[in-house]
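4 protein chains.
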Amino acid sequence: MNSAILLISCPDKKGITAQVSAFIYENNGNIEHADQHIDNQTNTFFMRIEWASKNFSIKNENIAKEFSTLAKKFNMHYSLSFSEDVPRVAIFASRDLNCLYDLLLRHREGQLRCKIPLVISNHGNAQRTVKDFDIKFFEFPVTKKNKTRVESKTADLLIKEKIDLIVLARYGQILTRKFLDKFPNRIINIHHSFLPAFVGEDPYGQAYRRGVKIIGATSHYVTEELDAGPIIEQDTARINHRDTIGDLKIKGRDLEKIVLSRAVRWHLERKILVYNNKTVVFD
Amino acid sequence: MNSAILLISCPDKKGITAQVSAFIYENNGNIEHADQHIDNQTNTFFMRIEWASKNFSIKNENIAKEFSTLAKKFNMHYSLSFSEDVPRVAIFASRDLNCLYDLLLRHREGQLRCKIPLVISNHGNAQRTVKDFDIKFFEFPVTKKNKTRVESKTADLLIKEKIDLIVLARYGQILTRKFLDKFPNRIINIHHSFLPAFVGEDPYGQAYRRGVKIIGATSHYVTEELDAGPIIEQDTARINHRDTIGDLKIKGRDLEKIVLSRAVRWHLERKILVYNNKTVVFD
Amino acid sequence: MNSAILLISCPDKKGITAQVSAFIYENNGNIEHADQHIDNQTNTFFMRIEWASKNFSIKNENIAKEFSTLAKKFNMHYSLSFSEDVPRVAIFASRDLNCLYDLLLRHREGQLRCKIPLVISNHGNAQRTVKDFDIKFFEFPVTKKNKTRVESKTADLLIKEKIDLIVLARYGQILTRKFLDKFPNRIINIHHSFLPAFVGEDPYGQAYRRGVKIIGATSHYVTEELDAGPIIEQDTARINHRDTIGDLKIKGRDLEKIVLSRAVRWHLERKILVYNNKTVVFD
Amino acid sequence: MNSAILLISCPDKKGITAQVSAFIYENNGNIEHADQHIDNQTNTFFMRIEWASKNFSIKNENIAKEFSTLAKKFNMHYSLSFSEDVPRVAIFASRDLNCLYDLLLRHREGQLRCKIPLVISNHGNAQRTVKDFDIKFFEFPVTKKNKTRVESKTADLLIKEKIDLIVLARYGQILTRKFLDKFPNRIINIHHSFLPAFVGEDPYGQAYRRGVKIIGATSHYVTEELDAGPIIEQDTARINHRDTIGDLKIKGRDLEKIVLSRAVRWHLERKILVYNNKTVVFD
Chain A
334 MNSAILLISC PDKKGITAQV SAFIYENNGN IEHADQHIDN QTNTFFMRIE
384 WASKNFSIKN ENIAKEFSTL AKKFNMHYSL SFSEDVPRVA IFASRDLNCL
434 YDLLLRHREG QLRCKIPLVI SNHGNAQRTV KDFDIKFFEF PVTKKNKTRV
484 ESKTADLLIK EKIDLIVLAR YGQILTRKFL DKFPNRIINI HHSFLPAFVG
534 EDPYGQAYRR GVKIIGATSH YVTEELDAGP IIEQDTARIN HRDTIGDLKI
584 KGRDLEKIVL SRAVRWHLER KILVYNNKTV VFD
Chain B
334 MNSAILLISC PDKKGITAQV SAFIYENNGN IEHADQHIDN QTNTFFMRIE
384 WASKNFSIKN ENIAKEFSTL AKKFNMHYSL SFSEDVPRVA IFASRDLNCL
434 YDLLLRHREG QLRCKIPLVI SNHGNAQRTV KDFDIKFFEF PVTKKNKTRV
484 ESKTADLLIK EKIDLIVLAR YGQILTRKFL DKFPNRIINI HHSFLPAFVG
534 EDPYGQAYRR GVKIIGATSH YVTEELDAGP IIEQDTARIN HRDTIGDLKI
584 KGRDLEKIVL SRAVRWHLER KILVYNNKTV VFD
Chain C
334 MNSAILLISC PDKKGITAQV SAFIYENNGN IEHADQHIDN QTNTFFMRIE
384 WASKNFSIKN ENIAKEFSTL AKKFNMHYSL SFSEDVPRVA IFASRDLNCL
434 YDLLLRHREG QLRCKIPLVI SNHGNAQRTV KDFDIKFFEF PVTKKNKTRV
484 ESKTADLLIK EKIDLIVLAR YGQILTRKFL DKFPNRIINI HHSFLPAFVG
534 EDPYGQAYRR GVKIIGATSH YVTEELDAGP IIEQDTARIN HRDTIGDLKI
584 KGRDLEKIVL SRAVRWHLER KILVYNNKTV VFD
Chain D
334 MNSAILLISC PDKKGITAQV SAFIYENNGN IEHADQHIDN QTNTFFMRIE
384 WASKNFSIKN ENIAKEFSTL AKKFNMHYSL SFSEDVPRVA IFASRDLNCL
434 YDLLLRHREG QLRCKIPLVI SNHGNAQRTV KDFDIKFFEF PVTKKNKTRV
484 ESKTADLLIK EKIDLIVLAR YGQILTRKFL DKFPNRIINI HHSFLPAFVG
534 EDPYGQAYRR GVKIIGATSH YVTEELDAGP IIEQDTARIN HRDTIGDLKI
584 KGRDLEKIVL SRAVRWHLER KILVYNNKTV VFD
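Chains as they are written, first to last, in our numbering: chain A, 334 to 616; chain B, 334 to 616; chain C, 334 to 616; chain D, 334 to 616.
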């Protein structure tokens with residue numbers, strides 16, 4: 334069953350919920366999900382509202398225009414999407430295929446409602462697996478010297494393939510601001526620590542040396558500052574003094590997969606709103 | 334800041350959200366929280382909506398009457414409450430004062446927005462503590478013989494004291510149907526297991542003998558069937574083969590306190606809707 | 334580095350630790366891990382002790398004989414194994430390949446130190462995947478009528494293949510006592526609930542209908558009584574009223590994989606002792 | 334039943350377990366608990382061994398001397414203690430009495446095997462509560478100016494009272510190196526974040542602003558560098574975008590109490606070994 338989804342943020346004012354739901358009701362829409370949140374610190378109103386497309390009296394292509402009066406009135410930032418527009422996802426991987434593999438399997442199981450037209454890696458070892466899933470594979474090795482060129486070629490490819498979301502599945506390379514600016518809030522990374530602890534390289538080694546009793550993983554939108562973008566999801570697992578760095582890596586692998594896949598699923602289901610370098614997740 | 338809260342359940346139909354929010358908006362109410370849920374299996378609509386009383390054009394005592402047209406139209410079950418009506422809570426305790434003490438401390442800290450006019454126990458050992466908190470204490474020992482009489486006396490006292498919620502803080506006594514029927518969905522119990530596992534007596538002993546690797550606690554509304562009422566909240570803690578029954582009890586105590594206090598807080602904040610022997614918790 | 338592992342249980346008495354460690358030390362063994370546990374309720378002593386084979390003055394094939402004096406003296410049950418004897422594992426699967434796939438991937442990653450010579454399923458859908466992993470695949474459909482015959486054929490195959498451990502990766506079929514008796518404490522099952530809650534069929538449906546707030550998964554050794562064998566590991570995940578049965582299944586899949594793989598790993602590393610229908614896990 | 338406890342760390346060598354357990358056995362001791370750990374990175378051996386004092390052929394006051402030959406041979410750091418020597422604990426508190434209260438209640442329940450002769454606070458508000466528990470209360474307000482003097486007076490008092498362990502129950506004041514040096518690995522602090530994230534002041538505010546999805550608490554031994562001492566225990570709790578800073582504080586309070594009380598209990602039971610700014614916890 335097709336549906337339309339509105340994600341809204343604006344200054345809080347009387348009547349937003351009433352008028353948005355009236356807009357849907359008067360056009361014969363049946364609300365299937367509605368969730369709202371008010372941030373009292375910043376006086377900001379957030380809403381996610383989803384209604385059945387069937388019998389809705391405005392055609393999909395005209396909804397934005399019809400809604401614009403309301404949007405202007407309340408000074409809204411909003412995004413409108415339709416469940417029948419299946420997002421197109423590119424996965425970036427590197428040598429460690431744990432998260433890549435997990436996403437491909439969840440996709441095959443139907444957990445992730447998207448198309449995955451392509452995988453890009455700076456190594457070749459994922460090639461066979463990716464092709465087994467009938468997905469195009471591009472090996473783009475990155476060096477200091479060719480980085481700008483590779484990023485530019487990558488961006489072109491992503492635009493040509495109409496990619497809506499980029500997932501860094503333990504990609505390892507730092508992307509430049511120029512690249513990031515082309516895909517704002519559309520690049521999800523998994524960092525294998527409980528951010529903001531253990532930013533940067535070798536977080537399991539850092540965790541081991543600090544002697545923490547719990548490790549974590551964090552999925553977040555990528556921004557220019559390393560590992561400092563809006564956090565989407567985190568989870569943790571208990572360790573103890575018997576665990577070697579190798580054990581941390583094994584325990585962490587399960588966290589990484591779960592935390593990354595939740596973030597991707599929520600993004601695909603248009604459940605995430607970004608503001609103030611934080612996220613509202615309407616789960 | 335005072336607010337009004339509506340909890341609604343009814344068959345799902347087009348326009349409920351729109352018309353409920355219009356009712357609030359047209360009477361100059363500012364919605365502070367709104368959450369809804371549709372159970373697709375039973376086609377039931379659930380809503381919790383809270384708005385600022387200030388400037389609302391209908392007086393509290395007239396809201397129900399004004400709302401009744403809408404309520405009838407959609408065949409709603411609903412309850413209307415006002416944040417300024419602070420609920421009155423009676424705590425029932427027995428020998429183990431762990432949960433009683435915890436509730437009293439949280440209340441003193443301001444975590445639980447209620448009045449606690451009285452504590453009833455079938456033992457006397459809580460007397461001093463309860464009085465230190467300036468709360469009336471009644472010792473009503475229960476025997477097979479006097480049970481009916483004690484329950485009747487208890488009910489009279491609760492009605493006289495205008496008690497809105499009864500919390501069984503490890504009370505231990507089974508209440509009769511006659512008593513329960515006077516307080517439907519208004520008696521919260523804590524059971525020291527992960528229900529439906531280990532119903533009835535000595536759940537820690539049962540858990541120990543079964544050799545589970547995780548223990549739990551469950552808060553639920555009390556219904557006639559033992560430990561089978563609508564579950565409000567549960568939590569779990571890891572144990573291992575080194576833990577004796579005594580260790581289980583110590584680990585369980587923290588769970589009991591946390592799980593019971595969450596249920597009580599949510600009930601006081603009118604966040605719980607009961608249906609089908611289950612709960613919707615708008616947290 | 335090769336090592337020898339002793340798992341011991343016996344009535345607790347003075348001197349067990351001293352004499353077992355002296356036996357190893359006097360034969361020039363270097364203890365790498367030692368863990369013990371005393372169950373005070375039953376006065377039972379449990380020990381897992383692992384030492385480097387290198388330089389040990391008794392050959393592997395003679396250790397049991399040399400140790401037998403001590404074993405008799407303390408009336409021990411014990412098992413002796415050597416890390417270089419890599420266990421041979423058969424996986425039983427059915428239509429849902431989630432756990433099968435996970436075990437094969439973890440095995441390929443090196444998380445599970447074993448050989449997996451064969452997979453048996455009562456459906457054919459795993460065939461391609463299993464063969465991609467270079468593992469033999471047997472499709473043995475089970476009906477009421479052929480059950481005895483299939484079990485007998487299966488047992489012959491397992492014995493011929495020198496299988497040490499059978500893993501039921503959502504196998505679905507109930508095994509007869511006759512079959513189970515051939516592999517005592519050597520068949521691990523994953524049940525998709527927090528046992529002892531929701532024994533038997535459709536545990537996610539049972540959980541949904543009961544309205545629990547947390548779901549679980551349990552790995553256990555299989556005994557004749559359904560889902561009542563010694564529990565090896567459990568884990569839980571939070572759900573809420575928004576979750577459909579379908580959501581429970583998705584959330585549960587991650588639990589199932591993690592809980593089953595931990596049990597298999599611990600068994601392979603000889604970390605589990607069974608007694609009194611419970612387990613001691615020296616993790 | 335009285336017991337003796339040895340905590341040992343030394344370079345790993347063949348025969349340590351054998352000779353330590355032989356020492357106990359030959360002197361007619363019955364080992365009740367034994368746990369060991371080898372850190373392969375630093376080649377360090379750790380052991381905790383506990384045996385029944387009853388019938389042990391060496392008197393408590395002579396054990397250290399008798400054991401010294403072995404200790405020298407293996408170049409051991411070790412501490413010997415006796416369960417009948419009940420540790421004496423001083424709690425340092427400030428305005429927020431959450432953790433103080435919790436420790437006092439757990440102590441009264443018998444969860445913490447210690448004496449608590451005194452509580453020191455830089456505020457007076459705990460006075461009544463502390464006196465209700467029949468514990469001496471000292472109000473030592475700290476200012477920049479009097480800090481050295483107050484610390485010196487405090488140290489004298491602690492030494493006079495033969496305090497074995499200092500617990501900072503949300504004490505808030507930073508202790509000087511001079512003071513810390515008098516009580517190495519004998520001061521336990523609770524920090525209300527998941528360290529090393531959010532060191533220093535207002536960790537809940539820091540967590541809120543960073544937009545994390547999980548908060549934590551950490552108990553650790555205090556060293557000179559702020560919040561950087563050996564971590565004893567950590568735990569975490571899930572939050573979401575609806576939680577205000579106030580909600581974080583409420584959720585965090587339960588974590589703080591649990592995490593601090595575990596650390597104190599383990600310390601009192603001599604289960605903690607410190608090395609390399611990390612802890613081995615033999616739980």
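Think of the CB as a built atom: it goes at the ideal place given N, C-alpha and C, for glycine as much as any other residue.
Below 6 Å CB to CB, which residues in the same chain sit around residue 393(A) once its five sequence neighbours on both sides are set aside? 415
Given a limit of 9 Å on CB to CB distance, which residues of the segment 564-576 of chain B reach chain C? 564, 565, 566, 567, 568, 569, 571, 573, 574 and 575
For a minimum of 3 consecutive residues, which ranges assigned as the beta strand (DSSP E) are wholly contained in the segment 384-430 of chain C? 410-415 and 421-426
Residues of its chain near residue 428(C), where Cβ-Cβ distance is below 7 Å and the 5 sequence neighbours each way are ignored: 456 and 458
Residue 614(A) - containing beta strand (DSSP E), residue span: 611-614
Give the C-beta separation of residue 470(B) and residue 463(B) to the nearest angstrom, bearing in mind that I take them to be a contact with Cβ-Cβ under 8 Å. 4 Å
Residues of the segment 470-497 of chain D in Cβ contact with chain A at a cutoff of 7 Å, in chain order, please. none
Those runs of the alpha helix (DSSP H) which lie wholly inside the segment 349-383 of chain D and span at least 4 residues: 349-359
What residues from chain D crowd round residue 284(A), counting only those whose CB sits closer than 7 Å? Outside the shown range of chain A, which is 334 to 616, sits residue 284(A), and nothing can be said about it.
Partners in chain D for residue 580(B), counting only beta-carbon separations shorter than 9 Å: Near residue 580(B) there are no residues of chain D at all, since even the closest Cβ is about 10 Å away, more than 9 Å.
Between residue 369(C) and chain D, is there a C-beta pair that is closer than 8 Å? yes
C-beta neighbour in chain D for residue 438(B), strict 8 Å: yes
Nearest-angstrom Cα separation, counted from residue 517(A) out to residue 410(A): 15 Å
For residue 604(C), which residues of its own chain have a beta-carbon under 8 Å away from its beta-carbon, when the five flanking residues on both sides are left out? 381, 614, 615 and 616
Alpha-carbon to alpha-carbon, residue 585(A) and residue 432(A): 11 Å
Kindly indicate the opening and closing residues of the alpha helix (DSSP H) around residue 339(A). From DSSP, residue 339(A) is part of no alpha helix (DSSP H) but of the beta strand (DSSP E) over 336-344.
Identify each residue in the segment 584-609 of chain A for which the Cβ-Cβ distance to at least one residue of chain C is less than 7 Å, and report them in chain order. 587 and 591
Contact between the segment 540-559 of chain B and the segment 534-541 of chain C is defined here as three or more beta-carbon pairs at a separation below 8 Å; is this criterion met? no
So, residue 355(B) versus residue 355(A), is the Cβ gap smaller than 8 Å? yes
Helix or strand or just coil, what does DSSP make of residue 575(A)? coil
Nearest CA to the CA of residue 374(A): which residue from 337(D), 594(D), 606(D) and 579(D)? 579(D)
Taking the runs of the beta strand (DSSP E) that are 3 residues or longer, which of them lie wholly in the segment 581-605 of chain C? none
Between the beta-carbon of residue 352(A) and the beta-carbon of residue 413(A), is there less than 8 Å? no
Would you say residue 600(A) and residue 521(A) are within 8 Å of each other, going by their C-beta atoms? yes
Are the C-beta of residue 460(B) and some C-beta of chain D separated by less than 8 Å? no
Taking its Cβ as the centre, do 16 or more other Cβ atoms sit within 10 Å of residue 363(B), making it buried, or is it exposed? buried
Between the alpha carbons of residue 369(D) and residue 545(A), how many angstroms are there, rounded? 20 Å
6 Å Cβ shell around residue 349(B) - same chain, five flanking residues per side excluded: 378 and 407
Within 8 Å, strictly: CB atoms of residue 576(D) and residue 591(D): no
Where does the unbroken alpha helix (DSSP H) through residue 488(A) begin, and where does it stop? 480-493
Within chain D, the residues that residue 527(A) reaches when beta carbons sit closer than 9 Å: 527, 530, 545, 547, 549 and 569
Members of the segment 336-361 of chain C that neighbour chain D once the beta carbon cut-off is set at 9 Å: 345, 346, 347, 348, 349, 350, 351, 352, 353, 354, 355, 356, 357, 358, 359 and 361
Restricting to Cα atoms, I'd like to know which of 385(A), 593(A) and 437(A) is closest to residue 334(A). 385(A)
According to DSSP, is residue 557(D) part of a helix, a strand, or is it coil? coil
Measuring only between beta-carbons, confirm whether residue 612(D) sits less than 8 Å from chain A. yes
Strictly under 8 Å for the Cβ-Cβ distance: is residue 364(B) near chain A by that measure? yes
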